[in-house]
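To start, the structure under review is shown below, and the notes come after it.
Protein chains: 2
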Amino acid sequence: MKKQNTARRKTAASAPPSQVEPGTAKAMTEGGKSTINDVARMAGVSKKTVSRVINDSPLVRPDTRERVQALMQQIGYAPDPQARGLAFRRSFLIGLIYDNPTAQYIVNMQYGALDALRNTGFELVVHPCDSKSEDYIQGIRSFVQRQKLFGVILIPRVSEDQDLADALREMGCRYVRIASIALDEPARMLQTHDRLAGIEVANYLESLGHRNLGLITGPRRYRSSIERGGGFIDGLAKRGIQLPADCAYEGGYTFESGVAGAEKLLQRTPRPTAIFACNDEMAAGVYKAALRMGLSIPGDLSVVGYDDSPLASQLWPALSTIHLPIRDIGRQAANILLAGEPALRGPRSPPNMAVTPHLSVRDSCQPPKG
Amino acid sequence: MKKQNTARRKTAASAPPSQVEPGTAKAMTEGGKSTINDVARMAGVSKKTVSRVINDSPLVRPDTRERVQALMQQIGYAPDPQARGLAFRRSFLIGLIYDNPTAQYIVNMQYGALDALRNTGFELVVHPCDSKSEDYIQGIRSFVQRQKLFGVILIPRVSEDQDLADALREMGCRYVRIASIALDEPARMLQTHDRLAGIEVANYLESLGHRNLGLITGPRRYRSSIERGGGFIDGLAKRGIQLPADCAYEGGYTFESGVAGAEKLLQRTPRPTAIFACNDEMAAGVYKAALRMGLSIPGDLSVVGYDDSPLASQLWPALSTIHLPIRDIGRQAANILLAGEPALRGPRSPPNMAVTPHLSVRDSCQPPKG
DNA sequence: CTGAAAGCGCTTACAG
DNA sequence: CTGAAAGCGCTTACAG
Chain P
388 MKKQNTARRK
398 TAASAPPSQV
408 EPGTAKAMTE
418 GGKSTINDVA
428 RMAGVSKKTV
438 SRVINDSPLV
448 RPDTRERVQA
458 LMQQIGYAPD
468 PQARGLAFRR
478 SFLIGLIYDN
488 PTAQYIVNMQ
498 YGALDALRNT
508 GFELVVHPCD
518 SKSEDYIQGI
528 RSFVQRQKLF
538 GVILIPRVSE
548 DQDLADALRE
558 MGCRYVRIAS
568 IALDEPARML
578 QTHDRLAGIE
588 VANYLESLGH
598 RNLGLITGPR
608 RYRSSIERGG
618 GFIDGLAKRG
628 IQLPADCAYE
638 GGYTFESGVA
648 GAEKLLQRTP
658 RPTAIFACND
668 EMAAGVYKAA
678 LRMGLSIPGD
688 LSVVGYDDSP
698 LASQLWPALS
708 TIHLPIRDIG
718 RQAANILLAG
728 EPALRGPRSP
738 PNMAVTPHLS
748 VRDSCQPPKG
Chain L
388 MKKQNTARRK
398 TAASAPPSQV
408 EPGTAKAMTE
418 GGKSTINDVA
428 RMAGVSKKTV
438 SRVINDSPLV
448 RPDTRERVQA
458 LMQQIGYAPD
468 PQARGLAFRR
478 SFLIGLIYDN
488 PTAQYIVNMQ
498 YGALDALRNT
508 GFELVVHPCD
518 SKSEDYIQGI
528 RSFVQRQKLF
538 GVILIPRVSE
548 DQDLADALRE
558 MGCRYVRIAS
568 IALDEPARML
578 QTHDRLAGIE
588 VANYLESLGH
598 RNLGLITGPR
608 RYRSSIERGG
618 GFIDGLAKRG
628 IQLPADCAYE
638 GGYTFESGVA
648 GAEKLLQRTP
658 RPTAIFACND
668 EMAAGVYKAA
678 LRMGLSIPGD
688 LSVVGYDDSP
698 LASQLWPALS
708 TIHLPIRDIG
718 RQAANILLAG
728 EPALRGPRSP
738 PNMAVTPHLS
748 VRDSCQPPKG
């Protein structure tokens, strides 16, 4: 057997890649996909050696590795993720866990994660959930265990739940949390720095000359809301403007809450000349309230949103808003999860760099009248 | 061995479910998940019998089945999808394949599919693609084969590609096509009847008194565009109104194309008093163009959209639009895929009923002036 | 650096 | 109706 292997090896090594023995080549083309056994037989090595090549083990002679790799390439062999997973006791699936944010956010995050996963042999499994439900962590737990997930990506608001993170860690499940501040160790975090963006909005509106400002935040239980609104308030304070308590309204990140918030804020005397809504949906609500009251944007009221969703450029006038590179965030999150994974096949996606939100200026702001 | 099994069986059968032998129970709790072997041992049957219970084979005595089922329930046993998949030569994954429609559409479709998949042991893997790219079918082909997908759900525009459907059929991969008309046999189709919706819009606007109408369609290569626009034209014709050729504009389902289309249409004499845009994004573009020209909605111009995206209710005035039960469509599509699958675990989702779009009337239309 | 044996947790023939 | 054997396509110890 060993002799035969050696003999075959020589044949294969001296022959150009296109001249594989016809019989063997046929055996693999007709039955559908080829297996590790086909590769081993054709390369004249044991399947264990092929396995080592697949998994980038250093314990393979360079020329053996090259030969096997060329052969795999040639016959289009790719290891079966299920078989590999069964032996590894884990799958090659990555879960994307989220709780009801905006559709555009989710879809872009998916695109980004898939950018990083392309040609790695990993796939993305989506798992929406309801973080307000009593037993949602149990649902995630069984999802992770049943599928033996390689890891999960956590999006706000679930990413902010420490109980969930603890549960995952206890189960030995890798995870990355996408959140506005560092809630976890760096290897498990991707920060979006929402506070900086809030400060930038404050600076922008102050520099336009606005002194009477309004703020519509998201729900208090969202860390992002606290950071965005807090950054705004701090930014104003640094420039000598104290935002009165009745100039901040707690919204719910929904269109309707934006309408309600604007109606409340615009009744105040003096009337605010600019409003920062902590997401675009609420900013659209501000548009509705203002237009209904006969106020023009930006003539009578400047508005700034957050997210740069498609909505922002589809409103009229187009909304100035904080742009978040969500797709890139998704890519980086998946990258962090895969970092140091030897079983990776194919090229890696570009390296990670700090994520920074920035203001995208459109047509919804101008200096206040008079 | 056989005797021992019989003896054990009696013990287990006579003991209440809560009194499993401590030793055995412990063996399964400590090591993490229990396997088919644990269940077999504890139930005093062979693993093959347990397998039969799992797969709902009729070749099991009712009382044996019940006993095994109770035990599985009690110890929280669930078969490993990877091992099962390896033996079955297919996975328990369902692919959602789509090409760039609106985010809300995709996300709702995912929710719907997951509604049907909940507690079935199947998971949803997302796979966006680019149907304009030369080799996108090859990409899908390798995705399907690599993951040995159980089946795929095809969303417009990829669902309309006959080459893709042929490729999947040839590979023996189940699929469901979501499309406006019957492109395939019923077991592989879910119709959305876009033509009916187009007719409904025509009837509605005609009944309000509009006689000068404008139409902004999607791209010609989208079947949905042809159906929506065609239905509109036919509906008008049935009521005695011929839509002049220069009153129909081919858009691209994008905001910008809506702006461009409206600008073109509104230059015409007599000016249209109502415009039907074949999706909400383009309708938002019509808003922008009209407002910029100083026309009020609905005072000077009535507008109808299609999709009932969040955008529709966030515009001001709120947009009247065709509502599509997308989540339900997703659920039904997954249901069709799973139909007749014996390996299903857990309760099925509600049965399928015809999907019908309907007009959701809001504030963007009124009778024409004068 | 390389390989033969055993095993991951299930299932499909094949017997009874 | 039930079970023992072999196998799905990989990997992990264990030898050499």
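Sequence order for the protein chains is P and L.
All letters in the first sequence, in the order written, are residues 388 to 757 by this note's numbering.
All letters in the second sequence, in the order written, are residues 388 to 757 by this note's numbering.
The beta-carbon is built from N, C-alpha and C at its ideal position, and this holds for glycine as well.
On a predicted model such as this, the values are computed, not experimentally measured, just so you know.
Status (buried if at least 16 other CB within 10 Å, exposed otherwise) for residue i
i	result
P:VAL512	buried
P:MET740	exposed
L:VAL440	buried
P:THR656	exposed
P:SER444	exposed
L:GLY559	exposed
L:GLN469	buried
L:LYS675	buried
P:ASN666	buried
L:ALA721	buried
P:VAL671	Per the sequence presented here, residue 671 of chain P reads as Ala, with Val not at that position. Per the 10 Å Cβ criterion, buried.
L:ARG608	exposed
P:ARG561	buried
P:PRO734	Per-residue confidence for P:PRO734 stands at a pLDDT of 48, beneath the threshold of 50, marking its modelled position as unreliable; the derived number appears in the next sentence. Exposed.
P:GLY463	exposed
L:LEU446	exposed
L:ARG454	buried
L:GLU557	exposed
P:PRO488	buried
Span of the beta strand (DSSP E) around residue i
i	result
P:PHE663	661-664
P:PRO515	510-515
P:ARG564	561-566
P:GLN578	576-578
L:TYR636	635-637
P:SER747	745-747
P:GLY482	480-485
P:ILE540	538-541
L:GLY601	600-604
Chain-ordered chain P contacts of residue i [CB-CB under 8 angstroms]
i	result
L:GLN534	PRO468 and GLU510
L:SER478	GLN469
Span of the alpha helix (DSSP H), counted from its first residue to its last, around residue i
i	result
L:SER707	Note, L:SER707: premise wrong, no alpha helix (DSSP H); beta strand (DSSP E) at 707-710.
P:SER644	642-653
L:SER689	Element bounds for L:SER689: not the alpha helix (DSSP H) but the beta strand (DSSP E), 689-694.
P:GLY431	Element bounds for P:GLY431: n/a, residue is neither H nor E.
P:THR451	449-462
L:LEU501	490-504
P:SER529	523-534
Expected contact under 8 angstroms - CB spacing of residue i and residue j to nearest Å
i	j	result
L:MET680	L:GLY638	Not quite, the Cβ-Cβ distance comes to about 18 angstroms (not below 8 angstroms), so this is no contact.
L:GLY618	L:ILE586	5 angstroms
L:GLY596	L:PRO754	4 angstroms
L:SER751	L:PRO685	5 angstroms
L:SER594	L:GLN578	Not confirmed; about 26 angstroms, so no contact.
L:HIS710	L:SER747	4 angstroms
L:GLY648	L:TYR636	4 angstroms
L:GLN491	P:ALA490	4 angstroms
L:ALA661	L:LEU630	At roughly 11 angstroms, the Cβ-Cβ gap does not stay under 8 angstroms, so L:ALA661 and L:LEU630 are not in contact.
P:VAL545	P:ASP486	5 angstroms
Contact test: residue i Cβ vs the ligand ATP heavy atom, cutoff 8 angstroms
i	result
P:ASN506	Inclusion of the ligand ATP in the displayed structure is not the case, the ligand content being empty and no account of it being possible.
Proximal residues of chain L, C-beta to C-beta of residue i below 9 angstroms
i	result
P:GLY648	Near P:GLY648 there are no residues of chain L at all, since even the closest Cβ is about 14 angstroms away, more than 9 angstroms.
Residue i: contacting residues in chain P (beta-carbon distance under 9 angstroms)
i	result
L:PRO515	VAL494, GLN497, TYR498 and LEU501
L:GLN491	THR489, ALA490, GLN491 and VAL494
L:PHE642	PRO697, SER700 and GLN701
Interface partners of residue i on chain L, CB under 8 angstroms
i	result
P:GLU668	PRO697 and GLN701
P:LEU678	TRP703
Cross-chain neighbours of residue i in chain L, by beta carbon under 7 angstroms
i	result
P:TYR674	TRP703
P:ALA465	ARG533
Per-residue contacts from residue i into chain P (C-beta, under 7 angstroms)
i	result
L:ALA671	GLN701
Inter-stretch contact at 8 angstroms, needing at least 3 Cβ pairs: the stretch 532-543 of chain P / the stretch 476-484 of chain P: yes
Sufficient close CB pairs (3 or more, under 8 angstroms) joining the stretch 594-603 of chain P to the stretch 552-561 of chain P: no
At least 3 beta-carbon pairs within less than 8 angstroms: the stretch 506-525 of chain P vs the stretch 537-549 of chain P: yes
Touching by the beta-carbon criterion (3+ pairs, under 8 angstroms), the stretch 711-724 of chain L and the stretch 494-507 of chain L: yes
Three CB pairs or more closer than 8 angstroms across the stretch 418-433 of chain P and the stretch 451-468 of chain P: yes
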